[in-house]
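Anchor point for the sequence shown: position 111 equals 137 in my numbering, and the numbering is continuous, going up by one each time.
Everything below concerns the one structure shown next.
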Amino acid sequence: MTNGDKINYLIELLGLTNKEISEKLKVHHTAICHWKKDDGRLKRVHIYAFSMAYNIPIDIFVLDDDVKENKFDTESKIRESVRDYQEDKIKKSNSLKSDKIIKRLSTTHYYGYNFSNRKNHIDIHENRFVISDDYTISNYNNDDELIREGTVEITEFQSTLKLKSQRTNTYLNIIFDNDRILDNIFYALFSSKIIVSNDDIMGICILSKNKLPKYLIKYLLQNRRESQLVVRNRLKNRILDNLNFAKIERVVGKTPYDADNILKEILGIWNLYIYQTNKSHSFRISADLRVEWYINDIFQERGKVIISSRQSTIEFIDELKSKSYFIFDNIDIGIDKNKIKICSFFSQRDSDHKDIMGIGILSKEKIPQELVDTVLISKEQSILNTFSFRDKLIDVFLTPITSR
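In structure tokens form, the structure reads like this:
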């Protein structure tokens, strides 16, 4: 491959356009056409500028005129080199801050509180989390019994506690902003699965360095409807039953699928639908576990898909280091037999960084938005409104409860 071939492939791999490159590098867009052709106008300075701008390892290119080829002579080798280089750069840039954060987290254990997920109960669940400086977590219930283990994943502005139950093979994810850990008490977002009923649950929980009375938790969370959203299995079935093209026989099973088979079935373009959105969202999942997010067919972010036996997660980290998660089951309705999946999502709005979570529909085929709105019923039943809650909770933290 010539340097021009490599530039051309990298532009395609990164989803760039000539206009984007010309604006970023301050060159005329016709120059990029000449670079691709490698007609003598692609100079070393151009290669350096392109590599620095888009985090490309410079040794992919041949910079010595006497050398006609190097070891990066195929698209797969270039793709792997770029992936490894960018991941290593991210790890190095985050390592110093991650060390500081893990030291703060591991100096104490945390009590976690949320409403019971049982339909007719208003009890408060209490758990204890012990975080070690090697990024591992142990989760204990109120009887001091170990129920989950996992790891801490830290990015610049947010951290995620990823815990797995060995008994049920399901995950609990807890997400919070890093600046909150300076407080003795703060709120976080969580997602989990109720294994018996196959319901998905997401909501707001309270993390505290000290044990808290139940009445205070109920005061902060107000009520379960305001702080928790349960995606019940019958809701998933009702959504699927009302989407006309999803009438293919479902495969219900409890045996985990092989990761390679799961990846094979989820490859390609998926349309994402949420309640009353005026934008079209889509994900493109590739064989290297990379995911691209498009809004109105315009590229937004790159992410990755994480596959486990029961559930898979599409994860994005944007330029401001905020995370978005889209979680869907692998086996409940049969992998992709209907070309449609129900997903739970967690994200932050770009404009004000307020948290949002809810139910979405992933589909290989186009669905009319009117039909999506009909099956999801209402915003109250498909999106958890945390906007007012977040402001209220901050106000509670700043004002002692005894003064209210």
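Cβ atoms here follow ideal geometry from the backbone N, Cα and C, with glycine treated the same way.
All figures in this text were calculated on a predicted structure; none of them were measured in a lab.
Supposed contact pair residue j and residue i - C-beta distance, whole angstroms, cut 8 angstroms
i: ILE409; j: GLY384; result: 4 angstroms
i: ILE157; j: SER132; result: 5 angstroms
i: SER48; j: ILE58; result: 6 angstroms
i: ILE207; j: ILE232; result: No, ILE207 and ILE232 are not in contact; Cβ-Cβ is about 13 angstroms, not under 8 angstroms.
i: PHE309; j: ILE340; result: 6 angstroms
i: ILE387; j: TYR299; result: 4 angstroms
i: GLN337; j: LYS219; result: 7 angstroms
i: LYS365; j: GLU396; result: Not confirmed; about 20 angstroms, so no contact.
i: GLY18; j: LEU187; result: Nothing about residue 18 can be reported from this structure: the residues present for the chain run from 27 to 430 only.
i: ASN356; j: ILE288; result: 5 angstroms
Where the alpha helix (DSSP H) through residue i begins and ends
i: SER222; result: One detail in the question is off: residue 222 reads as Val in this sequence, not Ser. Taken as a continuous stretch (DSSP letters only), VAL222 belongs to no alpha helix (DSSP H), as it is neither H nor E.
i: ARG251; result: 250-253
i: TYR320; result: Segment 316-321 is the beta strand (DSSP E) holding TYR320; no alpha helix (DSSP H) there.
i: ARG174; result: Run containing ARG174: none in the alpha helix (DSSP H); it sits in the beta strand (DSSP E), 172-180.
i: ASN287; result: 285-292
i: LEU372; result: For clarity, residue 372 is Phe in the given sequence; the question names Leu instead. From DSSP, PHE372 is part of no alpha helix (DSSP H) but of the beta strand (DSSP E) over 366-374.
i: ILE73; result: 70-79
Residue of the options minimising C-alpha distance to residue i
i: ASN168; options: LYS365, SER223, ILE128, GLY138; result: GLY138
i: GLU179; options: TYR166, GLU171, ILE200, THR194; result: ILE200
i: LYS367; options: GLN302, LYS405, ASN297; result: ASN297
i: ASP205; options: GLN395, ARG130, LYS50, ILE340; result: ARG130
i: SER234; options: GLU171, GLU182, ASN140, ASN195; result: ASN140
i: ASP314; options: SER223, SER107, LYS405, ILE173; result: SER107
i: TYR301; options: TYR35, LYS244, LYS405; result: LYS405
i: LEU198; options: ILE127, GLY176, ASN356; result: GLY176
i: ILE333; options: GLU182, ASP286, LYS392; result: ASP286
i: ASN263; options: TYR35, TYR213, ILE243, CYS369; result: CYS369
i: LYS63; options: ASP85, GLY30, LEU39; result: GLY30
i: LYS240; options: LEU89, ILE150, VAL88; result: ILE150
i: ARG109; options: ILE127, LYS50, ILE86; result: ILE86
For residue i, three-class secondary structure by DSSP
i: MET27; result: coil
i: ASP203; result: strand
i: ASN153; result: strand
i: THR43; result: coil
i: HIS54; result: coil
i: LEU238; result: coil
i: LYS190; result: strand
i: PRO426; result: In this prediction, PRO426 has a pLDDT of 45, which is less than 50 and means its spatial position is unreliable; nothing more can be read from the coordinates.
i: VAL88; result: coil
i: TYR301; result: coil
i: ASN335; result: One point to set straight first is that residue 335 is Ser, not Asn, in the sequence displayed. Of the three classes helix, strand and coil, the one that applies to SER335 here is coil, per DSSP.
i: ARG258; result: coil
i: ILE37; result: helix
i: LEU410; result: strand
i: LYS32; result: helix
i: LYS97; result: coil
i: LYS330; result: strand
i: ILE359; result: Because the pLDDT of ILE359 is 44, which lies under 50, any placement of that residue in the model is unreliable, and the question is left without a value.
Extent of the continuous beta strand (DSSP E) run through residue i
i: HIS307; result: 307-311
i: THR162; result: 162-166
i: GLU396; result: Per DSSP, GLU396 belongs to no beta strand (DSSP E); it is in the alpha helix (DSSP H), 395-402.
i: PHE453; result: Given that the chain is displayed from residue 27 to residue 430, the structure contains no residue 453 and the question cannot be resolved.
i: ILE385; result: 381-389
i: TYR139; result: 135-141
Within-7 angstroms CB hit, residue i to chain B
i: LEU261; result: Of the chains in the structure shown, none is chain B; there is only one protein chain.
Three-pair Cβ contact test at 8 angstroms for the stretch 160-167 versus the stretch 224-242: With contact defined as three or more Cβ pairs closer than 8 angstroms, the stretch 160-167 and the stretch 224-242 are not in contact.
Does the contact criterion of 3 or more C-beta pairs under 8 angstroms hold for the stretch 96-103 versus the stretch 63-76? No, the stretch 96-103 is not in contact with the stretch 63-76.
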